[in-house]
Amino acid sequence: MLAIADPADLDQGPRTNRSATARMCAVTRQVRPIGELIRFVVSPSGEVIADLKRKLPGRGLWISASHAAVAEAVRRNQFSRGFKRDVRVPASLAEDTRQLMVRSAMDALAMVAKAGQVVAGFAKVEDALLRRQAVALIHAADGAADGIRKLDAAVRKIAGQSGEAREIPVVTALNSAELDLALGRANVIHAALLAGPAGRTFLQRSQTLVRYQDGGQRQDS
116 MLAIADPADL
126 DQGPRTNRSA
136 TARMCAVTRQ
146 VRPIGELIRF
156 VVSPSGEVIA
166 DLKRKLPGRG
176 LWISASHAAV
186 AEAVRRNQFS
196 RGFKRDVRVP
206 ASLAEDTRQL
216 MVRSAMDALA
226 MVAKAGQVVA
236 GFAKVEDALL
246 RRQAVALIHA
256 ADGAADGIRK
266 LDAAVRKIAG
276 QSGEAREIPV
286 VTALNSAELD
296 LALGRANVIH
306 AALLAGPAGR
316 TFLQRSQTLV
326 RYQDGGQRQD
336 S
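Residue numbers for the sequence shown follow my numbering, beginning at 116 and rising by one.
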């Protein structure tokens, strides 16, 4: 059962969110799990910013975690009404929030690389698949379809040979330039996550990013 906090638009600060598992979206007026919402706060300079980690000080306004919902909140002037004061709301807030999510996913992938839990390059990814070491595939969002098809076929072939019904998550949340920056190398199109806790954080953040971009509908990466 969801622990629903005060249904008022604004929370009383980050400490009040620790026990709550649900909040009301200021746009849709629907109560949703906080994992499906984004908390927004007002910075000291009076500008509305996304608080992805739900830890920034001050009262927070909650919006459904989708690009469309945040854009609608901006269009409706929902932030000034919700915070009950004049605040500066960038017209680009929905896209700014998406970029924060991209950065968050990139930071998580960089930690995966630092932990030695990722390999990159078609041959290394294919080898990790054959050795049953890969727990997830990463394809650049702008990668060529041919390479993606070949690796997907390798996954199906391995599953068929072993008789396993094991599904390997496929992440397409980041483009090649973003993968390059996260992994500290050039021309990354394909990569594979290896087992380890750092990879789980990256998968969670990637899923959040994809849901945001797709309107909160897709659950895969």
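A virtual CB, placed ideally from N, CA and C, is assigned to each residue, including glycine. Given the structure is predicted, the values throughout are model-derived calculations rather than measurements.
Exercise. Looking at C-alpha atoms only, which residue of Q232, A307 and N290 is the closest neighbour of A269?
Worked result: Of the candidates Q232, A307 and N290, the one whose C-alpha sits nearest the C-alpha of A269 is A307.
Exercise. Where P284 and P129 are concerned, what is the direct C-alpha to C-alpha distance, given to the nearest angstrom?
Worked result: Spanning the two alpha carbons is a distance of roughly 32 angstroms.
Problem set entry | Residue from A259, A255 and L318 whose Cα sits closest to the Cα of E293 | By alpha-carbon distance to E293, the top candidate from A259, A255 and L318 is A255.
Exercise. How long is the line joining the alpha carbons of R191 and T316, rounded to whole angstroms?
Worked result: C-alpha of R191 to C-alpha of T316: approximately 34 angstroms in a straight line.
Problem set entry | Coil, strand or helix - A288 by DSSP | Reduced to three states, the DSSP call for A288 is coil.
Exercise. Under 8 angstroms between the Cβ atoms of A180 and R326?
Worked result: Their beta carbons are under 8 angstroms apart, which means A180 touches R326 by this criterion.
Exercise. Beta carbon of R213, beta carbon of Q328: below 8 angstroms?
Worked result: Yes, the Cβ-Cβ distance between R213 and Q328 is below 8 angstroms.
For this session: Kindly confirm or deny that the region 147 to 158 and the region 167 to 187 touch, where touching means at least three C-beta pairs closer than 8 angstroms.
Result: Three or more pairs of CB atoms, one per stretch, sit closer than 8 angstroms, so the region 147 to 158 contacts the region 167 to 187.
Exercise. Is it the case that the Cβ atoms of A135 and D124 are separated by a distance below 8 angstroms?
Worked result: A distance of 8 angstroms or more separates the beta carbons of A135 and D124.
For this session: Just confirm the distance between the C-beta atoms of L324 and A235, as a whole number of angstroms; I'd bet it's less than 8 angstroms.
Result: Taking 8 angstroms as the upper bound for CB-CB distance, L324 and A235 are not in contact here, some 20 angstroms apart.
Problem set entry | Which of helix, strand or coil DSSP assigns to P148 | Reduced to three states, the DSSP call for P148 is strand.
Exercise. What's the C-alpha gap between E210 and H182?
Worked result: If I take the Cα positions, the gap works out to 7 angstroms.
Exercise. What are the boundary residues of the alpha helix (DSSP H) that includes R196?
Worked result: Taken as a continuous stretch (DSSP letters only), the alpha helix (DSSP H) holding R196 covers Q193 to F198.
Exercise. Would you call I248 buried or exposed, if buried means 16 or more other Cβ atoms sit within 10 Å of its Cβ?
Worked result: Inspection of the sequence shows that residue 248 is occupied by Gln rather than by Ile. Residue environment analysis places Q248 among the exposed positions, since fewer than 16 neighbouring C-beta atoms fall within 10 angstroms of its C-beta.
Exercise. Which of helix, strand or coil does DSSP assign to R169?
Worked result: Coil at R169, not helix or strand.
For this session: Since I believe M221 is in contact with L289 (beta carbons under 8 angstroms), could you give me their beta-carbon distance rounded to a whole number of angstroms?
Result: Between M221 and L289 the Cβ distance is about 7 angstroms, and since that is below 8 angstroms, they are a contact.
Problem set entry | Euclidean distance between Cα positions of K229 and G258 | Rounded to whole angstroms, the gap between the alpha carbons of K229 and G258 is 24 angstroms.
Problem set entry | Paired residues, beta bridge with E162 - DSSP | BP columns for E162 point to R203.
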